[in-house]
Amino acid sequence: MKPSLSLALDADERACAGHPRTVVSLLLRAAYNAAMQPAGSTVEYKIRDLPRLETPRLVLRALSLGDVDDIFAYASDSEVTRYTIFERHLSSKTTIEWLRSVVDMYRDGHPGPWGMELRSSRRLIGACGFRNWETQHGRAEMGYTVTRAYWNQGYATEAVRVLIDFGFEHMNLNRIEARAVPANIGSTRVMEKAGMKFEGVLRQSEFFKGAYQDLVIYSILRHDPRR
Ligand SMILES: CC(C)(COP(=O)(O)OP(=O)(O)OC[C@H]1O[C@@H](n2cnc3c(N)ncnc32)[C@H](O)[C@@H]1OP(=O)(O)O)[C@@H](O)C(=O)NCCC(=O)NCCS
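Here the numbering used here is used: position 211 in the sequence shown is 243, and no number is missing along the way.
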């Protein structure tokens, strides 16, 4: 049986040291350095009770079935889904199914997705999180989506910065990646503004929207400067 360790986090309203730009409300109860594990053993990290993360204008919080209307509003917008790996939601049934899967993901200890809520109006304007979390390699990939009416106001960049801080400080990551189709300039700008470095083009690396898609890949390492 492989050993398993829970990295349990809860919202204890403590400021996260080192990055005054973000206030990350977290209490780190247990930390573990995977590099110290004997060869061949696997450590499983889990995030229990997805913590609430705060930025100057946003609160990143767990999603629930009550968010169906706000999520459907952007997930059904063909402009929003033009370059995404997920297909446009044709009815709110799809959104409800997705939200149910999200609740299961929280239960299983996945890091996100977080809903992006505006502090000013408490409106949910998007979602962001990690996927492909490879604990053995200290690596994960970020994804993010914002409702069209709120594009180009810096919200995705603000959320990505706090995710990067969270990934390095509380998920024991060494490398955070993000990918986008080359035509998705808004997404690549977010990566650049958050201090991620362009590494190249992964040719025909994923199949979605009916075709093998080239993806640009950006990354940031634990010791790279953060913006
Ligand atoms: C990608 C996305 C999340 C960006 O969100 P956002 O909140 O608008 O991002 P920001 O405002 O932080 O940054 C966007 C940047 O891209 C720039 N930009 C957007 N479209 C552009 C274009 N066609 N050409 C040049 N720059 C562009 C904006 O000007 C801004 O840069 P600036 O601050 O230097 O002016 C949003 O467009 C979105 O949800 N798109 C649909 C879903 C998606 O594609 N997700 C990513 C999948 S990889």
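Backbone N, C-alpha and C define an ideal beta-carbon position, used for all residues, glycine too.
- Within a 10 Å sphere around the beta-carbon of Pro88 sit fewer than 16 other beta-carbons, which makes this residue exposed.
- Under DSSP, Val91 takes part in a beta bridge, and its partners are Glu86 and Glu149.
- Between Val135 and Leu195, the CB-CB gap reaches or exceeds 9 Å.
- In this structure, DSSP gives Trp183 a state outside helix and strand, which the three-state scheme calls coil.
- Excluding its 5 nearest sequence neighbours in each direction, Asn216 has C-beta neighbours in its own chain below 6 Å: Tyr115, listed in chain order.
- Residue environment: Gly175 is assigned as buried (16 or more neighbouring CB atoms within 10 Å of its CB, all protein chains considered).
- DSSP places Ala215 in no alpha helix (DSSP H); its state is neither H nor E.
- Pairing Ala181 with Ile103 gives a Cβ-Cβ distance that is not under 9 Å.
- Here Ala226 is not bridged, per DSSP, to any residue.
- Secondary structure note for Phe104: it is in no beta strand (DSSP E), and the uninterrupted alpha helix (DSSP H) holding it is Val100 to Ala107.
- Collapsing the DSSP output to three states places Leu97 in a helix.
- The beta carbon of Val100 sits closer than 7 Å to the beta carbons of Ser124, Thr127, Ile128 and Leu131 from its chain, once the five residues preceding and following it are set aside; these are given in chain order.
- In this structure, Arg258 keeps its C-beta atom at 9 Å or more from the C-beta atom of Ile249.
- Rounded to whole angstroms, the separation of the alpha carbons of Trp183 and Ala172 is 25 Å.
- In terms of Cα proximity to Lys78, the closest of Phe162, Arg193 and Gly242 is Phe162.
- Pairing Ile117 with Phe240 gives a Cβ-Cβ distance under 9 Å.
- Counting only residues of its own chain and dropping the five nearest sequence neighbours on each side, Tyr187 has a CB closer than 6 Å to the CB of Val178.
- When rounded, the separation of the alpha-carbon atoms in Asp246 and Thr220 is 14 Å.
- Residue range Arg171 to Val178 is occupied by the beta strand (DSSP E) that includes Glu173.
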